[in-house]
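Reviewing the structure listed below.
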Amino acid sequence: MTTPSSSRARLGAGSLAAAGVLFLLYPLVRPYSDETTLAGAQAMASSAWVAAHLFAVVGFVLLTLGLLALHRVLDRPLTLPAVVVTWIGVGLTLPYYGAEVFGLNVIARRALQEQDASLLALADEFRFGPAAVTMFGGGLLLLGVGVVLAAVAIWRSGVLARWSGVPLAAGFILFLPQFFGSPAIRIAHGGLIAIGGLWVAVEMWRARRT
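For the sequence shown, the working numbering gives the first residue as -17, with consecutive numbering after it.
Here it is as structure tokens:
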């Protein structure tokens, strides 16, 4: 018979698995081009640009739900701080993604309409404004800390496989640096998070069946 706690754990496992897949789809679907040119404007104005960034947005939300379920499964001292820190990190990160999804898309469509690539300079004003960069960088740092705390809790728990939290933690530690990599590196990074999310999800699913 399925108990409410096991149902929540399975939903949480599903959330983590889906988050991992979405973080892989994000760099796979995202178009890449020189974003100072009209080709870059074409990329940012595309539906693929919007879809890719929305995949990441939903992935962040599902990550927080998955870590909450992990806290319910393990109930260790580090799991609640992991949830809280990760939620704060996601809250600080998502406004930046809103600008990427909607703001840059509008700018790019206007640049194409006017056939004026110089309008794309506004994208950097969105991205590198002091408040935006501080919130985004701080949010991703907190995300990394939160997922590392979860990985340490997994390692110490004796309930889930010790190494299962390591790929996910590594993926979020590297989330900020991967933005400076090539498309291949960014896709590989998405694959790392997908492996991490799926591995922890499988371990959580097994833990509630035993």
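Glycine included, C-beta positions come from ideal geometry on N, C-alpha and C.
Bear in mind the structure is a predicted one, so any value in this text is a computation, not a measurement.
With a threshold of 7 Å between beta-carbons, can residue i be considered close to chain C, or not?
i: Leu124; result: No chain C is part of this structure, which consists of one protein chain only.
I'd like the span of the alpha helix (DSSP H) that includes residue i, first residue to last.
i: Glu107; result: 103 to 110
i: Ala93; result: 86 to 96
What is the DSSP secondary structure of residue i, counted as helix, strand or coil?
i: Gly121; result: helix
i: Glu17; result: coil
i: Val141; result: coil
i: Phe157; result: coil
i: Leu60; result: coil
i: Ala170; result: helix
i: Gly163; result: coil
i: Ser29; result: helix
i: Arg54; result: helix
i: Arg12; result: coil
i: Thr(-16); result: Only weak support exists for where Thr(-16) lies, its pLDDT of 43 falling under 50; the value from the coordinates is given anyway. Coil, per DSSP.
If you count every other CB in all the chains shown that lies within 10 Å of the CB of residue i, and 16 or more means buried, which is it?
i: Ala(-9); result: buried
i: Thr19; result: exposed
i: Tyr14; result: exposed
i: Glu82; result: buried
i: Ser(-3); result: buried
i: Gly48; result: buried
i: Ser(-11); result: exposed
i: Ala107; result: Position check: residue 107 holds Glu in this sequence, whereas Ala was assumed. Classification of Glu107: exposed, given that the 10 Å Cβ count is below 16.
i: Phe161; result: exposed
i: Leu74; result: buried
i: Ser29; result: exposed
i: Glu185; result: buried
i: Leu6; result: buried
i: Arg58; result: buried
i: Arg12; result: buried
i: Gly80; result: exposed
i: Ser139; result: buried
i: Phe37; result: buried
What number of angstroms, rounded off, separates the C-alpha of residue i from the C-alpha of residue j?
i: Ala(-1); j: Val40; result: 12 Å
i: Arg168; j: Leu122; result: 16 Å
i: Thr46; j: Leu125; result: 10 Å
i: Ala64; j: Leu94; result: 44 Å
i: Gly119; j: Leu158; result: 7 Å
i: Ala33; j: Ser164; result: 20 Å
i: Leu150; j: Ala1; result: 11 Å
i: Val129; j: Trp145; result: 13 Å
i: Leu(-7); j: Ala51; result: 8 Å
i: Val134; j: Leu60; result: 8 Å
i: Gly173; j: Leu142; result: 21 Å
i: Leu76; j: Ala166; result: 24 Å
i: Thr116; j: Leu101; result: 24 Å
i: Arg54; j: Ala176; result: 22 Å
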